[in-house]
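Structure, as structure tokens:
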Amino acid sequence: PTRGRLTVDGHDLQGANPEQLNEYRRTTVGMIFQSFNLLPTLTVMENICLPALLAGKPYHPTRKRALYWLEWLHLTNRVDHYPSQLSGGEMQRTAIIRALINEPAIILADEPTGNLDSGNGNSVMELLAELNRTFGRTVIIATHSSLADPFATFRICLKDGRIAEAAACNV
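Reminder that position 21 of the sequence shown reads as 118 in the working numbering, one-by-one numbering, no gaps.
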């Protein structure tokens with residue numbers, strides 16, 4: 098920001114150095130990108146578990162959590178496949194689970210359903226809504242899709258780079 102302070106849940110992010118920001122992002126924020134950024138030489142399970150292992154988390158609980166979300170998003174039959182063997186939708190769902198594996202308090206999602214059919218898109222939205230409702234995760238979604246509308250509790254619409262509308266919804 099050009100003025101004021103940037104704090105999130107009591108953390109002063111504006112005054113943080115790059116190392117502190119990296120630590121904050123690694124432990125607190127899960128990012129779902131439009132481009133999947135999967136490592137081509139790792140399997141689905143390895144791609145999902147990698148962030149947790151890099152954070153020093155034990156493998157078996159991480160794998161168990163991954164299997165739970167793989168089942169939720171209908172990917173259990175692809176656990177040992179490589180990205181080159183997956184469809185775009187399967188890669189998207191793998192990347193979503195990878196973003197959630199460290200149980201982040203904040204989830205930033207850029208077009209999380211953009212490569213998915215309506216059924217899988219709905220499963221992703223239900224998962225994100227459940228993380229918000231049950232576990233208090235903050236979920237921020239940037240999308241052009243109306244698929245997110247029934248799940249939103251607050252919506253900000255942009256037009257020409259400016260806020261055109263901001264309102265609570267579905268509360």
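From the three backbone atoms N, C-alpha and C, an ideal C-beta is built for every residue, glycine too.
Query	Result
So for residue 176, helix, strand or coil by DSSP?	coil
State yes or no: is the C-beta of residue 167 within less than 9 Å of the C-beta of residue 141?	yes
How would you label residue 115, buried or exposed, when you count the other beta carbons within 10 angstroms and need 16 or more for buried?	exposed
Take the Cβ of residue 254 as the centre, count every other Cβ of all protein chains shown within 10 Å, and call the residue buried at 16 or more, exposed below.	exposed
Are residue 182 and residue 211 touching if we call contact CB-CB under 9 Å?	no
Please report how far the alpha carbon of residue 99 lies from the alpha carbon of residue 223, in whole angstroms.	36 Å
Does DSSP put residue 102 in a helix, in a strand, or in coil?	coil
Using the beta-carbon count (16 or more within 10 Å), is residue 102 buried or exposed?	exposed
Just how far apart, CA to CA, sit residue 132 and residue 170?	18 Å
In chain order, what residues of the same chain have a beta carbon less than 7 Å from the beta carbon of residue 186, not counting five sequence neighbours either side?	212, 213, 214, 217
Any idea what DSSP makes of residue 171, helix, strand or coil?	coil
Within 9 Å of any Cβ in chain B, is that where the Cβ of residue 215 sits?	Of the protein chains in this structure there is only one, and it is not chain B.
Tell me whether the segment 232 to 246 and the segment 193 to 204 touch, counting them as touching only if at least three CB pairs, one residue from each stretch, are closer than 8 Å.	yes
Hey, out of 165, 175, 256, 151, whose CA is closest to residue 124's CA?	151
Please report the distance separating the alpha-carbon of residue 111 from that of residue 174.	43 Å
Any heavy atom of the ligand GDP closer than 8 Å to the Cβ of residue 144?	This structure lacks the ligand GDP, and indeed carries no ligand of any kind.
For residue 138, count neighbouring Cβ atoms within 10 angstroms of its own Cβ and tell me buried if that reaches 16, exposed if not.	exposed
In angstroms, rounded to a whole number, what distance separates the CA positions of residue 162 and residue 192?	14 Å
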